Amino acid sequence: MTACPLIGITTSFKEGKHILDVRYADAVEAAGGTPFILPCTRQSSTVHHLVGLLDGLMITGGPAIEDGLIGALPSDISSTDPRRTESDRMYLRAFKQRGAPVLGICYGMQLINADAGGTIHADIQAVLENPLVHSSDRGGKVHPIRITEGTWLANILGAGDHSVNTYHIQAVASVGDGLVLSASAPDGTVEAVETPDGTVIGVQFHPERQLEDLLPVFEHLVQRARGSHESK
Numbered sequence: 016m017t018a019c020p021l022i023g024i025t026t027s028f029k030e031g032k033h034i035l036d037v038r039y040a041d042a043v044e045a046a047g048g049t050p051f052i053l054p055c056t057r058q059s060s061t062v063h064h065l066v067g068l069l070d071g072l073m074i075t076g077g078p079a080i081e082d083g084l085i086g087a088l089p090s091d092i093s094s095t096d097p098r099r100t101e102s103d104r105m106y107l108r109a110f111k112q113r114g115a116p117v118l119g120i121c122y123g124m125q126l127i128n129a130d131a132g133g134t135i136h137a138d139i140q141a142v143l144e145n146p147l148v149h150s151s152d153r154g155g156k157v158h159p160i161r162i163t164e165g166t167w168l169a170n171i172l173g174a175g176d177h178s179v180n181t182y183h184i185q186a187v188a189s190v191g192d193g194l195v196l197s198a199s200a201p202d203g204t205v206e207a208v209e210t211p212d213g214t215v216i217g218v219q220f221h222p223e224r225q226l227e228d229l230l231p232v233f234e235h236l237v238q239r240a241r242g243s244h245e246s247k
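Residues 16 to 247 (this note's numbering) make up the sequence shown, in order.
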C-alpha cells in the first residue's frame with residue numbers, strides 16, 4: 016500500500032495554545048493525505064527537522080499581515096501575530112528550498128506573496144472605486160472570481176467563473192517575483208497566485224469551508240506531495 020503523504024498544517028498561537036480549525040485537517044484527509052499539525056516555533060532547527068519528515072505544507076488562514084503592507088490596518092481587522100508570521104515564513108522558505116509543494120490559504124496566500132517581494136493592501140475596500148464586500152464581518156458571504164486560462168488553478172478547478180466564500184480585509188496589491196496571477200474578482204482583487212510550475216499555490220478564499228466544490232485544491236497539494244514523498 017502506498018503511504019499517504021504527510022501534509023504539515025500551520026497553526027495559530029494564542030494564550031499559550033496552538034489553535035487550528037479542524038476543517039483544514041479534514042480537507043487533507045478527504046484528499047488522501049495525512050495531516051500533521053505544526054507548532055509555532057522560533058527554532059530553525061525544529062523547522063528543518065520537520066521539513067525533512069513531511070511531504071507538503073499548508074499555510075492556513077491567520078492574523079493580519081504587516082509584511083509588504085500598503086496603508087494602515089483598519090480597526091476591525093484581527094491583530095497581527097509576529098510570532099506566527101515568523102514561524103510560517105521559516106516553514107515556507109524551507110519547503111520552497113526543498114521543492115516540496117505549498118498551499119497558502121487567505122493569510123497564507125498573502126504571506127507567500129509578501130515573501131516573494133509583493134505588496135499587501137491593508138484594507139482592499141478602502142482603495143477600490145467599486146469594491147465587493149470581501150469581509151464576512153462586514154456582510155460579505157460569497158462572490159464570483161474568474162480563473163485565468165492556462166494556469167495551474169485552471170487545471171485544478173477549471174478556467175472561467177466560479178463562486179467562492181470571502182473572509183478577508185487585506186488583499187494582494189502587487190504580485191511577488193516568481194508568482195503569476197491565476198484568479199481575480201470582478202473588482203480587480205487578486206484571488207489566487209501560483210508559481211509557474213504549480214508547486215506553490217495561494218488562494219484568497221477558504222476551500223476548506225467549501226469542500227464540496229473546492230476539494231480538488233487539496234487533491235492537487237496531496238498529489239504533488241506524493242511525488243515529493245516518493246523522491247525522498
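The beta-carbon is built from N, C-alpha and C at its ideal position, and this holds for glycine as well.
The structure displayed is predicted, hence computed values, not measured ones.
For the pair the region 44-55 and the region 112-119, tell me if three or more CB-CB distances fall below 8 Å. no
Under a Cβ-count criterion, where at least 16 other Cβ atoms within 10 Å of its own Cβ denotes burial, should G133 be classed as buried or exposed? buried
Would you mind stating whether V232 and I171 have Cβ atoms separated by less than 9 Å? yes
Give a yes or no on whether the C-beta atoms belonging to T210 and Y106 are separated by under 9 Å. no
According to DSSP, which residues form a beta bridge with E209? V195, I216
Taking only runs that begin and end inside the region 42-77, name each unbroken beta strand (DSSP E) of 3 or more residues, in chain order. 49-52, 71-74
If you compare alpha carbons, which of G31, R57, L196 is closest to G217? L196
Mind checking which residues open and close the beta strand (DSSP E) that includes T26? From DSSP, T26 is part of no beta strand (DSSP E); its letter is neither H nor E.
Measure the alpha-carbon distance for M16 versus G83 and round it to whole angstroms. Its pLDDT being 47, under 50, M16 is placed unreliably by the model, and the measurement read from it follows with that caveat. Approximately 45 Å, taken between the alpha carbons.
Enumerate in chain order the residues of its own chain whose CB-to-CB distance from H33 is below 8 Å, with the five nearest sequence positions on each side excluded. T26, S27, I52, P54, C55
Would you mind giving the Cβ-Cβ distance between I160 and A200, rounded to the nearest angstrom? I have them listed as a contact below 8 Å. 5 Å
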